[in-house]
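Protein chains in written order, with my numbering: chain A, 20 to 333; chain B, 568 to 1064; chain C, 107 to 440.
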Amino acid sequence: MNYRALLRHETFLAVLLAIVLVVLAWQSDRFFTVANLLNQGRLMTEIGLIAIAMTFVIATGGIDLSVGSILGLVAILLGVFWQNVGLPLPLAIVAAIAAGTLAGLFNGLIITRFKVPPLIATLATLALYRGLAEGISQARSVRGYPEWFYVLGQGEVLGIPTQLWILLIGALIASIILAYTRWGRTVYAIGSNEVASRFSGLQVEKTKIALYMASGFAASVAAVIFVSRVSTTRSDMGTGIELDAITAVVLGGTSIFGGRGTVLGTFIGLCLIQALKNGLSLAGVKGDGTIMLIGAVLILAILISNVFERSGSR
Amino acid sequence: MSMKGMSKSFVGIKVLKDVDFDVRQGEVHALLGENGAGKSTLIKMLAGLYKPDTGTIVVDGEEQKFASTSDATSAGIATVYQELLLFPELTVAENVFLGNYPRKAGGWIDWATVRARTRDLLDQLDSHDLDVDTKVLNLSVAQRQRVEIAKALSKNARILIMDEPTASLVESDVQRLMEVVTQLRDRGVGIVYVSHRMPEIFALADRVTVLRDGTHVGTRDIGDVDEQQLVSMMVGRSIESLFPKADAEIGETVLEVRNLNHGRHVRDISFSLRRGEILGIAGLVGSGRTELALTLFGMTPATSGEIVLEGEPVHIASPRQARDLGIAYVPEDRGLQGLVKPMAIRKNVSMAIIEKLSSGIFIRADAEAKITRDAIERFGIRSRNIDQAVGELSGGNQQKVVIAKWLATNPKVLILDEPTRGVDVGAKAEIHSIMGELVKQGVAIIMISSELPEVLGMSDRVLVMNSGEVTDVIDRSKASPERVGAAMTAHRLEETA
Amino acid sequence: MMSEAVAQPARRLRRQNFAQRLFAEYGQELVVLAAIAVLFVVVTLVNPRFVNPNNLVTIFSGNAYIAVAAIGMAMVIMTGNIDVSVGALIGVLATIAGTLAVSGYPIWVALVAPMFVGMAINAVIGVLVAYARIPAIVVTLGALSILRGGLISVTGGTWITDLPPDFLIAQKRFLSVPVPLLFMIVLTVLAFLWMRYTAFGRSIYAIGGNREAAVATGIPVERRLVTVFAIHGAFAGIAAILFATQLQVIQSTVPPNLELTIITATVIGGVSILGGSGTVIGSTLATILFATIGSALIFVNVSAYWLRAVIGLLILATVLADMWRRHGRNGAAA
Chain A
20 MNYRALLRHE TFLAVLLAIV LVVLAWQSDR FFTVANLLNQ GRLMTEIGLI
70 AIAMTFVIAT GGIDLSVGSI LGLVAILLGV FWQNVGLPLP LAIVAAIAAG
120 TLAGLFNGLI ITRFKVPPLI ATLATLALYR GLAEGISQAR SVRGYPEWFY
170 VLGQGEVLGI PTQLWILLIG ALIASIILAY TRWGRTVYAI GSNEVASRFS
220 GLQVEKTKIA LYMASGFAAS VAAVIFVSRV STTRSDMGTG IELDAITAVV
270 LGGTSIFGGR GTVLGTFIGL CLIQALKNGL SLAGVKGDGT IMLIGAVLIL
320 AILISNVFER SGSR
Chain B
568 MSMKGMSKSF VGIKVLKDVD FDVRQGEVHA LLGENGAGKS TLIKMLAGLY
618 KPDTGTIVVD GEEQKFASTS DATSAGIATV YQELLLFPEL TVAENVFLGN
668 YPRKAGGWID WATVRARTRD LLDQLDSHDL DVDTKVLNLS VAQRQRVEIA
718 KALSKNARIL IMDEPTASLV ESDVQRLMEV VTQLRDRGVG IVYVSHRMPE
768 IFALADRVTV LRDGTHVGTR DIGDVDEQQL VSMMVGRSIE SLFPKADAEI
818 GETVLEVRNL NHGRHVRDIS FSLRRGEILG IAGLVGSGRT ELALTLFGMT
868 PATSGEIVLE GEPVHIASPR QARDLGIAYV PEDRGLQGLV KPMAIRKNVS
918 MAIIEKLSSG IFIRADAEAK ITRDAIERFG IRSRNIDQAV GELSGGNQQK
968 VVIAKWLATN PKVLILDEPT RGVDVGAKAE IHSIMGELVK QGVAIIMISS
1018 ELPEVLGMSD RVLVMNSGEV TDVIDRSKAS PERVGAAMTA HRLEETA
Chain C
107 MMSEAVAQPA RRLRRQNFAQ RLFAEYGQEL VVLAAIAVLF VVVTLVNPRF
157 VNPNNLVTIF SGNAYIAVAA IGMAMVIMTG NIDVSVGALI GVLATIAGTL
207 AVSGYPIWVA LVAPMFVGMA INAVIGVLVA YARIPAIVVT LGALSILRGG
257 LISVTGGTWI TDLPPDFLIA QKRFLSVPVP LLFMIVLTVL AFLWMRYTAF
307 GRSIYAIGGN REAAVATGIP VERRLVTVFA IHGAFAGIAA ILFATQLQVI
357 QSTVPPNLEL TIITATVIGG VSILGGSGTV IGSTLATILF ATIGSALIFV
407 NVSAYWLRAV IGLLILATVL ADMWRRHGRN GAAA
């Protein structure tokens, strides 16, 4: 029953995406070109990685608002580790990602050990991590990375942007984990009924901590890609990205109350948002007008899918 | 008040067919029926929560059409629901008058009157100890219920509907509630009393109406029926033996508990349990029965004491460990603790053995499907298919899913906490026969139940708890309602032999 | 489990004295108040200029708009909902006010219009939440994009200058009290009394505490939700005016992270994120606490770069203290 309702939402989204693609292609001949589409894939990777991890977090009934700040913090740490501490760049990358994952661990610990609602916990760490980024950076930016580093954010592998590979592989692994493994099952079970999950011997706390760590990790990888793509670090990187990621996840059919959602849905939601952004800007709509449309699409998509679901199951 | 020809359908299924019901001033009219017989639908129509498809409601000779609960309220009908509808963060006085505040000029609430009248209403209910300014979250269930009754009285209700009012009360509070009901009846209030408990019905009711499968089976004066007749009216057949005790061979000791402690509700508990044995645990709500189970199951790990499983001392710190040691717990609150309702039967049944059903981290869907089909067949779970959401099943079938989930772990010790609460008579018998089958296979069962006949009927030995301590352990042959009841309510006996 | 949770406190439930009751009911407010007091004492010892009246006025009136917005937010959160679009809404309303003021409309129109526009926009949000049953966080996430995107694409982020002096009410004083401060205090007190002593106000707690019970009690839950969102919009309108008129110019963008600041203030002030409890006095005190922290850090010479980190740390500490207090009171049973 549930499963079918879920498929329905994804089908509906996919159809919507197809329509949007057709309309946009018809609107502008620059839209449906390989170069443009690949470039869009490049641009959506950072939000995409975060959104995939966020799908898991929201499916357990949680939320992680601190990802944008973790992204900023990791970007700053990358620069600091490399330039100020003098680590070799690969080591600096690893250290920065480790720090971001630790930030996620910290979120998980606050949420599970102190029973702080995730919304509040990550709201607090959103302020904290961004503050740390600002404090550490002292408004300095780090530039001048070695050439090989830019392969990650600006280069290509087999004709496809490097980071798009990372996103696709990440999405594939994540969707397999969520759909076919006992870890994924645990995520849904916690999101639907945490108490019963605990009574069934599932590892509720460990799973949650792991997911917030994964969320921190995804934001950290996104940070490295971000730095590589724009060739610099700034402490305000990633501001507001949490809302973009949550929009993609919710648009993709994940219930904000937990227990329901798929990586595929999130991915389609992501593509839809990116296509709209790009297509509209090609059609001459200014960047901010597209944000507006995305908001409207979010509300409408959930509204329509709600109506479908109610008429279908009742 | 009378209702005639009440019918109601949900999603095309008729849950109530042409039912008549009435209540007179100053009488207690009991409403009886199995789960799903249509009792709650009927009273919800009376309370204005549901609109009847057909039928009329007449109050004091006037036909009424209730569009909302406030219509029913103004017609003098008030309801005390099973799940008490109070607001924990608001005070007692506020809860009583919420939505019905006395006003001063300008629309401001007259708080002095609110508090004074609440005090007065509670005093009428002999609840002089209840502080009107306390937040409801600080109250016990029985106290909350009196607040609900005060709320009903505050609306000058002439008809009071009580939906299973004693379901979650301890014995002493039940007595007190029955006094309150009697007192209200004597003041001329008509009371619709929904309950499963026969003793109460015979003590309180003037008349009794039985519903079955949404139809009206009959209305009798209480003097004209006995318990057997009522049960057979409810289930449509006479139950030969309510508690078929299967004789199983009782083997060696599986579980030995010595001086177990956790908090104030598990104090210095010792007992042993043998293969093939059913150990019934009796006690009032709050006596520590469930807390003991939770401690054995690792939910609230023991702070001191010993648990010896098959001769090995074990330390149980989590449900996971308990499971791996062969202890299973079918919890008290099925919806909250036992099931993930939106999930498929398949996923619920496999939940506790998901590691065993996986290769690496991947779930073996075929193995999962097989084990689920086997469970559906073995326990007679009535469902469309293994992918049906558990929430769509009836209470009895839901309970069987929880039992199936835990039996999949092949437990040595199975703890059943109120295994037949909220399931109908048919499913109840099925669950009892499953228990019989299990002990024959050598499983040791601990059964917690508030239903004394069930405890006495099913158990080989009865362990009685009171205030977190064991007050008596009685063999089946010597167990009588009087002895168990005495141990449940008495102060701790000095050193029971 | 249930029985334990219920039976346990019932035993020590008897008449409490005034102090106990005050603490039970306004514990979080008192904690925040104490934090403010401690902060004042400590910072003043380090740097006496901190208590200079000019500085205090700057602290309080500069942040009054946050407190005003937090009042509406508190009501919304008490019903068990949330609004992440309020920052964008304030940006939009401020721009509307400024635009009206410089296009020759009477000043009072410019000052009053934001309230009504805010009510209208949030009423729509309320309808989507209450009747279409879309979770509030989803609706307001969408509204956030629409308002933010709409604002920038219409105005291009330009500055509104040459505001008429009469329009700049946040810089005025009434009976020598700065107007924003006056608004903050009066609105907080009024809202508190309204929520404490009127039937409508009590129904906000009821809806957040137990929605089904509220329906059964005959409270028109859907209608009330729409109204609460609309009231929240009106407060956002007032907040927008205070925000727009404190400087000589209005930048027509959305103040970054304003919604998070407002939500945090509300929650730190003791409004349960799950709905059903809290007061607007708490949210206002929490706003004052944040403002005091921000200013205090400057006075004790914390580098501006570390400001946000320290604030973040303090927020976290307050959240943890709050959790500790709640668990301590209710036991681990919940």
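In this text, a Cβ means the ideal position worked out from N, Cα and C, and glycines have one as well. Note that the structure is a prediction, hence the values are computed from the model and not measured.
Subject >> chain A contact residues for I930 (chain B), given Cβ-Cβ distances below 9 Å >> reply: Y199, T200, R201, G203 and R204
Original post:
Are any of the Cβ atoms in chain C nearer than 8 Å to that of P868 (chain B)?
Top reply: no
Original post:
Going by DSSP, what residues sit across from F929 (chain B) in a beta bridge?
Top reply: A:T200 and B:S926
**OP:** Taking C-beta pairs closer than 7 Å, name the residues in chain D that D307 (chain A) reaches, listed in chain order.
**Re:** Chain labels in this structure do not include chain D; the protein chains are A, B and C.
**OP:** Kindly indicate if chain B contains any beta-carbon less than 8 Å away from that of E318 (chain C).
**Re:** yes
**OP:** Can you give me the start and stop residues for the alpha helix (DSSP H) that I442 (chain C) sits inside?
**Re:** Residue 442 (chain C) is absent from the structure shown; chain C starts at 107 and stops at 440.
Original post:
With 16 other CB atoms within 10 Å as the buried threshold, where does Q592 (chain B) fall?
Top reply: exposed
Subject >> Backbone CA spacing between F75 (chain A) and Y199 (chain A) [nearest angstrom] >> reply: 14 Å
Original post:
Is V233 (chain C) near V334 (chain C), with beta carbons less than 8 Å apart?
Top reply: no
Original post:
So what does M1014 (chain B) bridge to, in DSSP terms?
Top reply: B:G847 and B:L983
Original post:
What residues of chain B sit near G272 (chain A), judged by a beta carbon separation below 7 Å?
Top reply: Correct list: empty, because the minimum Cβ distance to chain B is about 14 Å.
**OP:** Could you name the residues that DSSP lists as bridge partners for I836 (chain B)?
**Re:** B:L827
Subject >> Listed by chain order, chain B residues near G263 (chain C) by CB distance under 8 Å >> reply: Result: empty, since nearest Cβ-Cβ is about 43 Å, beyond 8 Å.
Original post:
When you check each C-beta in the stretch 204-228 of chain A against every C-beta of chain B, which residues fall closer than 8 Å?
Top reply: R204, T205, Y207, A208, S211, N212, V214, A215, S216, R217, F218, S219, G220, L221 and Q222
Subject >> Neighbour list for E661 (chain B) in chain C, Cβ cutoff strictly below 8 Å >> reply: R308
Subject >> Option in A:I89, A:G67, A:V53 and A:T30 with minimal Cα separation from M232 (chain A) >> reply: A:I89
Subject >> K1007 (chain B) classed as buried or exposed, judged by whether at least 16 other C-beta atoms fall within 10 angstroms >> reply: exposed
Subject >> Status (buried if at least 16 other CB within 10 Å, exposed otherwise) for N407 (chain C) >> reply: exposed
Original post:
How would you list, in chain order, the residues of chain A whose beta-carbon sits under 7 Å from the beta-carbon of L419 (chain C)?
Top reply: L147
**OP:** State the beta-bridge partners of K702 (chain B) as determined by DSSP.
**Re:** B:T658
Subject >> Spatial distance of L32 (chain A) from L720 (chain B) (CA atoms) >> reply: 53 Å
Subject >> Contact check, I894 (chain B) vs V968 (chain B), beta carbons under 8 Å >> reply: no
Subject >> Residues bridged to A895 (chain B) (per DSSP) >> reply: B:L981
Subject >> Beta-carbon spacing of I726 (chain B), V821 (chain B) below 8 Å >> reply: no
Original post:
Are I77 (chain A) and V316 (chain A) touching if we call contact CB-CB under 8 Å?
Top reply: no
Original post:
Along the chain, where does the beta strand (DSSP E) that runs through R591 (chain B) open and close?
Top reply: Here R591 (chain B) belongs to no beta strand (DSSP E), and DSSP marks it neither H nor E.
Original post:
Around the Cβ of L744 (chain B), are there at least 16 other Cβ atoms within 10 angstroms (buried) or fewer (exposed)?
Top reply: buried
Subject >> Secondary structure of A238 (chain C), DSSP reduced to three states >> reply: coil
**OP:** Keeping to the same chain, check which residues put their C-beta closer than 8 Å to that of E794 (chain B); ignore five residues upstream and five downstream.
**Re:** M765 and F769
**OP:** Give a yes or no on whether the minimum CB-CB distance between F245 (chain A) and chain C is below 8 Å.
**Re:** no
**OP:** Please list the partners that I369 (chain C) has in chain A, where partner means a Cβ-to-Cβ separation under 8 Å.
**Re:** L142
Subject >> Top-ranked residue by Cα proximity to D627 (chain B), from B:A772, B:V1040, B:S641 and B:A934 >> reply: B:S641
Subject >> CA-to-CA distance, R713 (chain B) to D696 (chain B), given in whole angstroms >> reply: 12 Å
Original post:
DSSP beta-bridge partners for R787 (chain B)?
Top reply: B:V775
Subject >> Given W167 (chain A) as reference, the closest of A:I244, A:A158 and A:I196 once Cα atoms are compared >> reply: A:I244
**OP:** Please check if any C-beta of chain B sits within less than 8 Å of the C-beta of A322 (chain C).
**Re:** yes
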